[in-house]
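In the order they appear, the protein sequences are chains A and B.
10 is the number of the first residue of the first sequence in the numbering used here; add one for each residue after it.
10 is the number of the first residue of the second sequence in the numbering used here; add one for each residue after it.
Just so it is clear, CB atoms sit at the ideal spot from N, CA and C, and this is done for glycine as well.
One structure below.
Protein chains: 2
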Amino acid sequence: MSRLDSAIRRLEAQRACLDHAARLIETVPGPVVELGLGNGRSYDHLRTLLPAREIFAFDRQIDAHPDCVPDARHLVLGDFKDTLPTALRRIGAGAALVHADTGTGESQRNAKLAAWLSPRLVAITTAGGVIISDQELVGIKAAPLPLPKGVAAGRYFLYRAG
Amino acid sequence: MSRLDSAIRRLEAQRACLDHAARLIETVPGPVVELGLGNGRSYDHLRTLLPAREIFAFDRQIDAHPDCVPDARHLVLGDFKDTLPTALRRIGAGAALVHADTGTGESQRNAKLAAWLSPRLVAITTAGGVIISDQELVGIKAAPLPLPKGVAAGRYFLYRAG
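See the structure below:
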């Protein structure tokens, strides 16, 4: 499998997870959190899927296409270590959906960040809300959900907050 | 269509064109030219598709994943305006396949570069060789080829050098 094949699979898996989670939260109130705005592609997909939801994006800096940058009230810039502890106050209510796309090419760094993020992602998610993560979360009170069809195990992780 | 949908379509179209072109040049001798190495994804796909071909990559600088950087003999760094006029000497023979992925977000700049590139791409392609371009080429002696199934008109352009 070439890197082009792999990129297509990764984006298709991401889209399948976002589409699936949007259906899962239909009856769950609350805003949406995009952790890692990046180039803004998945943020744009989320706002297309969920036009009636408030969506808050967290990232260290803005690298997104100008069309995909939220307004100042919905954009939280800074290191996650600084912004996540007060995130719940910022977003106003537990999130119905959290999408965390925080992985880099470095697996050790990813594991360390995932361990730090795990309880904090659960803490900002409302009961019954869904977490999508590109890293496996650890030691949390949230039930793993089956992945949508066509998404290989380990490529994404879905959880339902208790 | 979200930017995520659009990115998936673009990469799928790119892969479909590369796969199609690899079949079209089966009996055409010559190396492969990747114009715009970028992140190295399509270069990686080309070397997977065509393991027996020499592949030369041209770009201004290296932004690719370290695994996707050609060796020094097959990597030509610099502005296309400096490197393309002497490209044929560098690659040793007319190319069987040229893949030009040179577009940016700026349509005026793209059109200007495409006009400059058009005769130069044809000049480095052997008779019967195929050119894949993400920009329409203009004023050239090369026949447009039908796009592979599933690729929308205008997303890629295929030509057979005369």
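Rounded to the nearest angstrom, how far is the Cβ of residue i from that of residue j, given a contact under 8 Å?
| i | j | result |
| --- | --- | --- |
| P40 of chain B | R62 of chain B | 6 Å |
| I100 of chain A | V139 of chain A | About 15 Å; that fails the 8 Å criterion. |
| A151 of chain A | Y168 of chain A | 4 Å |
| L46 of chain A | A16 of chain A | Between A16 of chain A and L46 of chain A the Cβ distance is about 19 Å, and since that is not below 8 Å, they are no contact. |
Closer than 8 Å, CB to CB, is residue i near chain B or not?
| i | result |
| --- | --- |
| G49 of chain A | yes |
| H74 of chain A | yes |
| L20 of chain A | yes |
| C26 of chain A | no |
| T57 of chain A | yes |
Under 8 Å between C-beta atoms, does residue i make it to chain A?
| i | result |
| --- | --- |
| D53 of chain B | yes |
| L86 of chain B | no |
| S11 of chain B | yes |
| A16 of chain B | yes |
| Q117 of chain B | no |
| Q23 of chain B | yes |
Measuring CA to CA, which of the options is closest to residue i?
| i | options | result |
| --- | --- | --- |
| R56 of chain B | A:C26, A:T135, A:R12 | A:R12 |
| I141 of chain A | A:G148, A:R118, A:Q70, A:A105 | A:A105 |
| R32 of chain A | A:S15, A:G137, A:D91, A:R99 | A:G137 |
| I71 of chain A | A:L58, A:R129, A:R19, A:G87 | A:G87 |
| A121 of chain B | B:H83, B:S15, B:D14, B:K90 | Correcting the residue type first, residue 121 of chain B is Lys in the shown sequence and not Ala. The shortest C-alpha separation from K121 of chain B is found at B:K90. |
| A132 of chain A | A:H108, A:E115, A:L154, A:A170 | A:A170 |
| A102 of chain A | A:P38, A:H54, A:L93 | A:P38 |
| L49 of chain B | B:P75, B:P157, B:L97, B:P60 | In the sequence as presented, Leu is not what sits at residue 49 of chain B; that position holds Gly. Comparing Cα positions, the closest option is B:P75. |
| H54 of chain B | A:E115, A:D110, A:M10 | A:M10 |
Report buried or exposed for residue i, applying the criterion of at least 16 other Cβ atoms within 10 angstroms of its Cβ.
| i | result |
| --- | --- |
| T36 of chain A | exposed |
| V85 of chain B | buried |
| Q117 of chain B | exposed |
| Q144 of chain A | buried |
| T95 of chain B | exposed |
| A161 of chain A | exposed |
| A66 of chain B | buried |
| D28 of chain A | exposed |
| R98 of chain B | exposed |
| R129 of chain B | buried |
Less than 8 Å between C-beta atoms, sequence neighbours within five positions excluded: which residues of the same chain meet that for residue i?
| i | result |
| --- | --- |
| G159 of chain A | E21, A22, A25 |
| S127 of chain B | L146, V147, G148, I149 |
| T113 of chain B | N119 |
| L154 of chain B | L33, V139, L167, Y168, R169 |
| R19 of chain A | R164 |
| A30 of chain A | L106, H108, V139, I141, L167 |
| Y52 of chain A | E43, L46, I64, A66, A73, C77, P79 |
| H83 of chain B | E63, I64, F65, A66 |
Give every residue of the same chain whose Cβ lies closer than 6 Å to the Cβ of residue i, excluding the five residues on either side of it in the sequence, and list them in chain order.
| i | result |
| --- | --- |
| A124 of chain A | V147 |
| L93 of chain B | R129 |
Going along the chain, which residues of its own chain have a beta-carbon closer than 7 Å to the beta-carbon of residue i, five neighbours each way excluded?
| i | result |
| --- | --- |
| T134 of chain A | G103, A104, V107, I140, A170 |
| L59 of chain A | A31, V41 |
| P157 of chain A | A25, C26, H29 |
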